[in-house]
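**Student:** The structure's right below; bear with me while I get my questions together.
Chains as they are written, first to last, in my numbering: chain A, 34 to 345; chain B, 155 to 402.
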């Protein structure tokens, strides 16, 4: 697989503050990288460096084989940025928007019509192309925002929270569009605060905090880091006869805690042991009113690694 | 080619904006009409009518106020957001601010040519008769300076509102001491000194000398000074324009 992004020991400081503190990673062609991190983690600085807007203080960056310091214009020609803000003109038609922004890239005049059409089709706005964005819903504007960034067929697409504040239907459309772009060979960096989006589309997830990459891997690999477990909670009606030791002895149980008729049992996620726990409770003469279970998720991983919720 | 495409696009954006269109094409005529009407009794029936006097002074003031058009064309909220894409595109940063200067200059120049023509041939205001092309050159240079100055203020301050409000202060001071609203003649040495350092005074003086004295001696130095000042503004743009500020 061809390497599209190669970053080694990237650093960026704002005065004494290290916004990016020596990160390294690579991306191969057709890969979707989900970039997660709380506010101030260094995601935007990294994105701004990759888009050549900011100069790094240290480190090497190569995008599509071009050195960031030596060939910034060649890099710009090969990347498409979907900014968090809606970067579109409201007073001209959707088609004119895409045409104007695509025209800023070196494209053959003959290709432009086809590329504009292709971009609008991809985001599902072909039939609204003659309308002005000021008449669009928030979701449609977001889709146009994407079309303007991809019409020149960039090899690397960087999306910075492209689905903020839109309806589920538009969100699904955008996520499907991103998968289509990958199928066409685009490499995508997807920065978001929505964990479920990353789970749905990313091949690999990178979590940043305080300027460094604190975890990286597939969803399954990250969940493994945080301990792949299931936590069961029982609200018991009576617990005076319960022998906690008997529950602890069930294979796969890692921890048992009983306090004021609240029983918490932690187990390895892969083990199917709920029936054994319930049988043991009945054997001990215990009945319960309510039972809940919770599995380790990306949200749990994120919380454990950063100490913050993603949307904080 | 891409630079011209961006400039043409910016040009269309300005003329689509009714407020900018009004301030460049209608407001100067309104100002001339109001000031000329209110002060006509002070001017008598001599060679110079109140409309002739305020025709030149109000056009000079309006041409300077192109600064506001420039700041709006560069950093009005909607335009600024869309400009983010230009920053991501493979174009030099100079093309971004130069396109704003060029588009503002073209809109301003065309507007003032229209106003001068309407004023002279429609309302009978004396804008120089056969010498009208020289007045057009003079006002165009002032529009160029206004376009460059407004864009420079945006590059330095990074914000339309700040750039507009801060720019208004020197414009008003130079205009007041330059004799735009009332003649400063006979108001004492201090006012005379301040009047002499006001570029507006020399532009108005130059225009009146061309129109009434057939005297072109000030045209070249005033034009070159405005061109030089515009070049300085462009240099400051290049040094201070930070594209990354658009993305933050």
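The beta-carbon is built from N, C-alpha and C at its ideal position, and this holds for glycine as well.
Bear in mind the structure is a predicted one, so any value in this text is a computation, not a measurement.
Give the residues of chain B in contact with residue 116/A, contact being defined as C-beta atoms less than 9 Å apart.
**Tutor:** Stepping through the first chain from its first residue, residue 116/A is reached at position 83. Residues of chain B passing the Cβ test: 235, 238, 239, 242 and 401.
**Student:** Are the CB atoms of residue 332/B and residue 310/B within a distance shorter than 8 Å?
**Tutor:** Translated into positions along the second chain, residue 310/B becomes position 156. Translated into positions along the second chain, residue 332/B becomes position 178. No. Outside cutoff.
**Student:** Pick from 367/B, 386/B and 361/B: whose alpha carbon is nearest that of residue 374/B?
**Tutor:** Residue numbering aside, residue 374/B sits at position 220 when the second chain is read from its first letter. The option with the nearest alpha carbon to residue 374/B is 361/B.
**Student:** Which residues in the same chain have their Cβ closer than 6 Å to the Cβ of residue 294/B, if we skip the five residues on either side of it in sequence?
**Tutor:** Against the second chain, residue 294/B aligns to sequence position 140. Same-chain partners within the cutoff: 263.
**Student:** Any idea which residues DSSP pairs residue 67/A with across the strands?
**Tutor:** Numbered from 1 along the first chain, position 34 holds the residue referred to as residue 67/A. Partner(s): 223/A and 238/A.
**Student:** Could you check if residue 141/A is buried or exposed, using at least 16 other CB atoms within 10 Å of its CB as the buried criterion?
**Tutor:** For the purposes of this step, residue 141/A is taken as the residue at position 108 of the first chain. Residue 141/A should be labelled exposed.
**Student:** Listed in chain order, which residues of the region 156 to 167 of chain B have Cβ atoms closer than 9 Å to some Cβ of chain A?
**Tutor:** Within the region 156 to 167 of chain B, the residues whose Cβ lies closer than 9 Å to some Cβ of chain A are 156, 159, 160, 163, 166 and 167, listed in chain order.
**Student:** When you compare each of 53/A, 34/A, 94/A and 67/A to residue 252/A by their alpha carbons, which one comes out closest?
**Tutor:** In the first chain, residue 252/A corresponds to position 219, counting from 1. It is 67/A whose Cα lies nearest to the Cα of residue 252/A.
**Student:** Tell me whether residue 176/B is buried or exposed, calling it buried when 16 or more other Cβ atoms sit within 10 Å of its Cβ.
**Tutor:** Position 22 of the second chain, counting from 1, holds the residue named residue 176/B. So residue 176/B counts as exposed.
**Student:** If you run the structure through DSSP and keep just helix, strand and coil, what is residue 79/A?
**Tutor:** What you label residue 79/A is simply residue 46 of the first chain in a count that begins at 1. If DSSP states are grouped into helix, strand and coil, residue 79/A belongs with the helices.
**Student:** Can you give me the Cβ contacts of residue 127/A inside the same chain, cut-off strictly under 7 Å, excluding the 5 residues immediately before and after it?
**Tutor:** Here residue 127/A refers to the residue found at position 94 when the first chain is read from its first residue. 153, 158, 161, 162, 164, 166 and 177, listed in sequence order.
**Student:** Output yes if chain A places a C-beta closer than 8 Å to the C-beta of residue 232/B; else output no.
**Tutor:** Here residue 232/B refers to the residue found at position 78 of the second chain. It does: the Cβ of residue 232/B has a partner Cβ on chain A nearer than 8 Å.
**Student:** According to the Cβ coordinates, are residue 266/B and residue 384/B closer than 8 Å?
**Tutor:** To locate residue 266/B, count along the second chain from 1; it is residue 112. To locate residue 384/B, count along the second chain from 1; it is residue 230. It is not a contact, given that the beta carbons lie outside the stated cut-off.
**Student:** At 4 residues or longer, what runs of the alpha helix (DSSP H) sit wholly inside the region 210 to 281 of chain B?
**Tutor:** Segments of the alpha helix (DSSP H) lying fully in the region 210 to 281 of chain B: 220 to 229, 231 to 242 and 247 to 271.
**Student:** In chain order, what residues of the same chain lie with their CB nearer than 6 Å to the CB of residue 60/A, ignoring the 5 residues before and after it?
**Tutor:** By 1-based counting over the first chain, the position of residue 60/A is 27. Hits under 6 Å: 37, 38, 66 and 220.
**Student:** Below 8 Å, how does it come out for the region 198 to 208 of chain A and the region 235 to 252 of chain A: are there three or more Cβ pairs, yes or no?
**Tutor:** With the cut-off at 8 Å, the region 198 to 208 of chain A and the region 235 to 252 of chain A do not touch.
**Student:** To the nearest angstrom, report how far apart residue 289/A and residue 296/A are at their CA atoms.
**Tutor:** In the first chain, residue 289/A corresponds to position 256, counting from 1. In the first chain, residue 296/A corresponds to position 263, counting from 1. Residue 289/A and residue 296/A: Cα-Cα distance of roughly 7 Å.
**Student:** Would you tell me roughly how many angstroms separate the C-alpha atoms of residue 248/B and residue 392/B, rounded to the nearest one?
**Tutor:** For the purposes of this step, residue 248/B is taken as the residue at position 94 of the second chain. For the purposes of this step, residue 392/B is taken as the residue at position 238 of the second chain. Answer to the nearest angstrom: the Cα atoms are 6 Å apart.
**Student:** Between the alpha carbons of residue 326/B and residue 335/B, how many angstroms are there, rounded?
**Tutor:** Start at 1 with the first residue of the second chain, and residue 326/B comes out as number 172. Start at 1 with the first residue of the second chain, and residue 335/B comes out as number 181. Those two C-alpha atoms are separated by around 10 Å.
**Student:** Kindly indicate which three-state DSSP category residue 306/B falls into: helix, strand or coil?
**Tutor:** Here residue 306/B corresponds to residue number 152 of the second chain, with the count starting at 1. Three-state DSSP puts residue 306/B in a helix.
**Student:** Find the residues of chain B that neighbour residue 121/A, judging by a C-beta separation of less than 7 Å, and give them in chain order.
**Tutor:** The residue labelled residue 121/A in the question sits at position 88 within the first chain. Per Cβ cutoff of 7 Å: 236.
**Student:** Identify, in the order they occur along the chain, each residue of the same chain with its Cβ nearer than 6 Å to the Cβ of residue 264/A, setting aside the five sequence neighbours on each side.
**Tutor:** Position 231 of the first chain, counted from the start, is the residue given in the question as residue 264/A. Only 299 and 327 meet the Cβ criterion.
**Student:** For my contact list, residue 172/B and residue 212/B are in at a C-beta cut-off of 8 Å; report their separation, rounded to the angstrom.
**Tutor:** Within the second chain, the letter at position 18 stands for residue 172/B. Within the second chain, the letter at position 58 stands for residue 212/B. Actually they are not in contact, since the Cβ atoms of residue 172/B and residue 212/B sit about 21 Å apart, beyond 8 Å.
**Student:** For residue 322/B, which beta-bridge partners are listed by DSSP?
**Tutor:** Your numbering for residue 322/B matches position 168 in the second chain. According to DSSP, which records beta bridges pairwise, residue 322/B is partnered with nothing at all.
**Student:** For residue 36/A, which beta-bridge partners are listed by DSSP?
**Tutor:** Along the first chain, read from residue 1 onward, the residue named residue 36/A stands at position 3. In DSSP, residue 36/A forms a bridge with 61/A.
**Student:** Taking the straight line between their C-alpha atoms, what separation do you get for residue 242/A and residue 226/A?
**Tutor:** Along the first chain, one-based indexing puts residue 242/A at 209. Along the first chain, one-based indexing puts residue 226/A at 193. Taking the straight line joining both Cα atoms gives about 13 Å.
**Student:** Give me, in chain order, the residues of the same chain whose beta-carbon lies closer than 8 Å to that of residue 262/A; leave out the 5 immediate sequence neighbours on both sides.
**Tutor:** By 1-based counting over the first chain, the position of residue 262/A is 229. Hits under 8 Å: 287, 299, 300, 301, 302, 328 and 329.
**Student:** Give the residues from the region 265 to 295 of chain A that approach chain B closer than 7 Å (Cβ to any Cβ), ordered along the chain.
**Tutor:** Cβ contacts with chain B come from no residue of the region 265 to 295 of chain A.
**Student:** How big is the Cα-Cα spacing for residue 328/B and residue 338/B?
**Tutor:** Counting from one through the second chain, the residue named residue 328/B turns up at place 174. Counting from one through the second chain, the residue named residue 338/B turns up at place 184. For residue 328/B and residue 338/B, the distance between alpha carbons rounds to 12 Å.
**Student:** Give a yes or no on whether the minimum CB-CB distance between residue 169/B and chain A is below 8 Å.
**Tutor:** Locating residue 169/B in the second chain gives position 15, where the first residue counts as 1. Cβ-Cβ to chain A under 8 Å: no for residue 169/B.
**Student:** Can you name the residues that DSSP bridges to residue 41/A?
**Tutor:** Numbered from 1 along the first chain, position 8 holds the residue referred to as residue 41/A. Per DSSP, 93/A.
**Student:** What residue range does the alpha helix (DSSP H) around residue 173/A cover?
**Tutor:** Looking up residue 173/A in the first chain gives position 140. Its alpha helix (DSSP H) spans residues 171 to 183.
**Student:** Counting only beta-carbon atoms, is residue 250/B nearer than 8 Å to chain A?
**Tutor:** In the second chain, the residue the question calls residue 250/B occupies position 96. Not closer than 8 Å to any Cβ of chain A, the Cβ of residue 250/B fails to qualify, so no.
**Student:** Roughly how far, in whole angstroms, is the beta-carbon of residue 227/B from the beta-carbon of residue 168/B, given that I think they are within contact range, below 8 Å?
**Tutor:** Along the second chain, read from residue 1 onward, the residue named residue 227/B stands at position 73. Along the second chain, read from residue 1 onward, the residue named residue 168/B stands at position 14. 5 Å between Cβ atoms; contact.
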